[in-house]
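Chemist: Going by my numbering, the sequence shown opens with residue 1, and the numbers climb by one from there. We treat Cβ as the ideally placed atom computed from N, Cα and C, and that holds for glycine.
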Amino acid sequence: MMKTILLGASLLAFSVACNGQQQNKKVNTVKQQTMKAGNIYSYKVPSLAGGDIDFSDFRGKKILVVNTASECGYTPQYEDLQKLYEQYKDRLVIVGFPANNFGGQEPGSNEEIKTFCEANYGVSFPMAAKVSVKGDDEAPIFKYLTRQELNGVKDTDIKWNFTKFLLDENGRLIDSFPSKVKPTDGEIVKYLK
Numbered sequence: 001m002m003k004t005i006l007l008g009a010s011l012l013a014f015s016v017a018c019n020g021q022q023q024n025k026k027v028n029t030v031k032q033q034t035m036k037a038g039n040i041y042s043y044k045v046p047s048l049a050g051g052d053i054d055f056s057d058f059r060g061k062k063i064l065v066v067n068t069a070s071e072c073g074y075t076p077q078y079e080d081l082q083k084l085y086e087q088y089k090d091r092l093v094i095v096g097f098p099a100n101n102f103g104g105q106e107p108g109s110n111e112e113i114k115t116f117c118e119a120n121y122g123v124s125f126p127m128a129a130k131v132s133v134k135g136d137d138e139a140p141i142f143k144y145l146t147r148q149e150l151n152g153v154k155d156t157d158i159k160w161n162f163t164k165f166l167l168d169e170n171g172r173l174i175d176s177f178p179s180k181v182k183p184t185d186g187e188i189v190k191y192l193k
C-alpha cells in the first residue's frame with residue numbers, strides 16, 4: 001500500500017514538473033518569436049508605376065498595406081483610402097497591392113489596374129504590381145504580414161480583398177483589419193491621431 005502511495009506521489013510530482021517545463025518552453029518560444037520578428041523595411045516590391053517600392057523609404061511613418069481589387073464590392077474603398085492618404089500623408093503611407101486571389105476580381109494587367117485606379121478614384125498613393133496574397137505563390141511581404149512567427153504580433157487569414165495591415169513608425173505590425181472595416185473607420189484612424 002505504501003509503495004502504491006509513493007509511486008502515485010512520484011508520478012504526480014514528475015507530471016507537474018514536466019508540465020511546468022512545457023509552459024516555460026511555450027513562453028520562451030513566444031519571446032523568441034517576438035525577438036526574431038523583423039520589420040517591413042527589408043521589403044522592396046515592384047511598383048505599378050515602374051521601379052520599386054522600397055519600404056525602408058517609409059521609416060518614421062505609419063504604413064497601411066491593403067490588398068486591392070478593381071471588380072470587388074469593396075472597390076469603392078479606394079476613395080476612402082485616397083482621402084485617408086491625403087489627410088494624413090505627413091505621417092502615413094498607404095500601399096495598395098492588387099491581387100486576383102478572390103473571385104477573379106483583379107483580372108487586369110498592371111497598366112490596366114493603374115489606369116483604373118487613377119481614372120476612377122484619383123489614387124496617388126503607391127500601388128505595387130499585382131501579387132498573390134495567399135497560397136503557394138504568396139508574396140513574401142504577405143507572408144510577413146500574416147504570420148506571427150515573422151511579424152511578432154498575430155496570424156491573419158486574408159479572407160477577401162481590402163484586408164488592411166497597419167504598421168507603426170518602426171515598421172512593425174500594429175494590427176490587421178478585415179475588408180468590412182473601412183479605411184476611415186475609427187478602428188484605424190485612432191492610430192493616426
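At what residues does the beta strand (DSSP E) containing VAL95 begin and finish?
Modeler: 92-98
Chemist: Is the CB-CB distance between ASN67 and PHE97 below 7 Å?
Modeler: yes
Chemist: Can you tell me the Cβ-Cβ gap for ALA129 and SER47, rounded? I've got them flagged as a contact below 8 Å.
Modeler: Contact check for ALA129 and SER47: beta-carbon distance about 6 Å, within the 8 Å limit, so the pair qualifies.
Chemist: What's the gap between the Cα of ILE63 and the Cα of LYS154?
Modeler: 17 Å
Chemist: In chain order, what residues of the same chain lie with their CB nearer than 6 Å to the CB of LYS159, ignoring the 5 residues before and after it?
Modeler: none
Chemist: Measuring alpha carbon to alpha carbon, tell me which of GLY103, ARG91, ASP157 and GLY51 ends up nearest GLY60.
Modeler: ARG91
Chemist: Measure the C-alpha to C-alpha separation of LYS182 and LYS190 and round it to an integer number of angstroms.
Modeler: A direct Cα-Cα distance of roughly 13 Å separates LYS182 from LYS190.
Chemist: May I ask which residues mark the beginning and end of the alpha helix (DSSP H) holding ASN120?
Modeler: 110-121 is the span of the alpha helix (DSSP H), which, as asked, contains ASN120.
Chemist: Take the Cβ of ASN170 as the centre, count every other Cβ of all protein chains shown within 10 Å, and call the residue buried at 16 or more, exposed below.
Modeler: exposed
Chemist: Let's see if you can read the secondary structure: which residues bound the alpha helix (DSSP H) around ASN151?
Modeler: 148-151
Chemist: From VAL93 to LYS134, what does the alpha carbon distance come to, in whole angstroms?
Modeler: 23 Å
Chemist: I'd like to confirm the pairing. Which residues does DSSP put opposite ASN67 in its beta bridges?
Modeler: Here ASN67 is bridged, per DSSP, to PHE97.
Chemist: So which of CYS72, LYS83, LEU150 and TYR88 has the shortest CA-CA distance to SER42?
Modeler: LEU150
Chemist: Run through DSSP, which three-state label would PHE165 get?
Modeler: strand
Chemist: Between the Cα of SER109 and those of SER124, GLY122 and VAL131, spot the shortest distance and give me the residue it belongs to.
Modeler: Selected option, being the one with the closest Cα: VAL131.
Chemist: Going by beta-carbon coordinates alone, are PHE125 and TYR85 separated by less than 7 Å?
Modeler: yes
Chemist: Looking at CYS117 and the ligand PLP, is the gap between the Cβ and the nearest heavy atom below 6 Å?
Modeler: Questions concerning the ligand PLP fall outside what the structure shown contains, since it holds no ligand whatsoever.
Chemist: Cβ of TYR88 within 7 Å of Cβ of LEU167?
Modeler: no
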